[in-house]
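I have placed the structure first, in the form of structure tokens, so that the comments after it can refer back to it.
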Amino acid sequence: MLRRPPAIGVMRSLYDVRRARTLDCGRGAAAGRGGRVFLFSAKIALFYFTFYAALAILVAICMWTFLQLLDIRQPKWQLEESIIGTNPGLGFRPLPPAVDSSVIWYKGSEPDSYKFWVENLASFLQAYKRKGKTAGAGQNIHNCDFKLPPPAGKVCDVDTRSWGPCVEENHFAYHKSTPCLFLKLNKIFAWRPDYYNSSDHLPATMPADLQDHIKNITAFDKNYVALVVSALLRMRNPPSSPRNLLTHACLEFRR
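Residue numbers (full-length UniProt numbering): 1 to 255.
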């Protein structure tokens, strides 16, 4: 027996119900995927935040430990234990503009010719003229001499005015064609020279005129570093043997 087909209104109602169910299922699925994506992103962000925070704390702890082992005044490894060693080396001022040259060339009659060298020396000695670097003004400056060495943590005051013609006001004697050169020992922490305080034990290789000079020094001011200087006088027709321009010099050593 054939069934009677449903009315058109009933068919539309069934279609609307099925369509509504389908839309509800789709919306739920879409809402579920969005929640899972947000939760996953939150977990990733939390992981990286925790990771980098722990890494930053670890670096801070390592840096703090490293700084506790350092001395702000002097290196930990000194003398034989350091890479520099025990040889302080010798430098000079003024320095030529070309790093591969050691020639100082100028004309004493032309101020613009020696202006560079005078300014170079003035800049080098500026540290001794700054405010707070003079005796009594700086915290670590001490008036001392051979009989009165500086206490621990102090340095001797340097009076640049006692250097005769080698002062800035005199253009370091460059205008007189008798230029001043400053020799300096490179600083090595904890390095102390071994003085020959007795003229009876001078090395045999020391020049005779330097030995005579040391013997004439009084007993309390022998803390000098003796320096033997010789140079070649370069000319178009150079001599067969070197010419000694300076036989000896003494560098005063103070802490």
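For each residue, glycine too, the CB sits at the ideal point set by N, CA and C.
Source: prediction; values computed, not measured.
The closest CA to that of V118, considering only Y174, L70, G89, is found on Y174. Per DSSP, K115 is one residue of the alpha helix (DSSP H) stretching across 111-124. With a threshold of 16 other beta carbon atoms within 10 Å, F47 falls short and is exposed. Spanning the alpha carbons of S113 and K107 requires a straight line of approximately 6 Å. F189 is positioned such that its CB atom lies no closer than 9 Å to that of Q68. Considering only E80, A56, H171, H142, the residue with the shortest C-alpha distance to A152 is H142.
Between S199 and the set V225, D212, P94, the nearest pair of CA atoms involves D212.
Unbroken alpha helix (DSSP H) stretches of 4 residues or longer found wholly inside the segment 197-221: 208-215, given in chain order. Comparing C-alpha distances from P111 to each of Y195, F172, P165, F182 shows the shortest one belongs to F172.
Taking G85 as reference, the option from G164, A98, R192, L183 with the minimal CA-CA separation is R192. For I141, the three-state secondary structure derived from DSSP is strand. Per DSSP, K76 is not a residue of any beta strand (DSSP E), being assigned neither H nor E. In the three-state reduction of the DSSP assignment, Y195 falls in the coil class, being assigned neither a helical nor a strand state. For F92, the enclosing beta strand (DSSP E) covers residues 90-93.
Residue state for Y106 is assigned as coil, using DSSP reduced to three classes. When C-alpha distances from L79 are compared across N170, P88, D71, the shortest belongs to P88. In this structure, DSSP gives L181 a state outside helix and strand, which the three-state scheme calls coil.
By the beta-carbon neighbour count (other beta carbons within 10 angstroms, threshold 16), L121 is buried. C156 carries a strand assignment under DSSP once its states are collapsed to helix, strand and coil.
The C-beta of C180 has 16 or more other C-beta atoms within 10 Å across all chains shown, which makes the residue buried. CA-CA distance, L95 to D194, rounds to 29 Å. Under a 10 Å Cβ-count criterion, I214 is classified as buried, with 16 or more other Cβ atoms of the shown protein chains found around its own Cβ.
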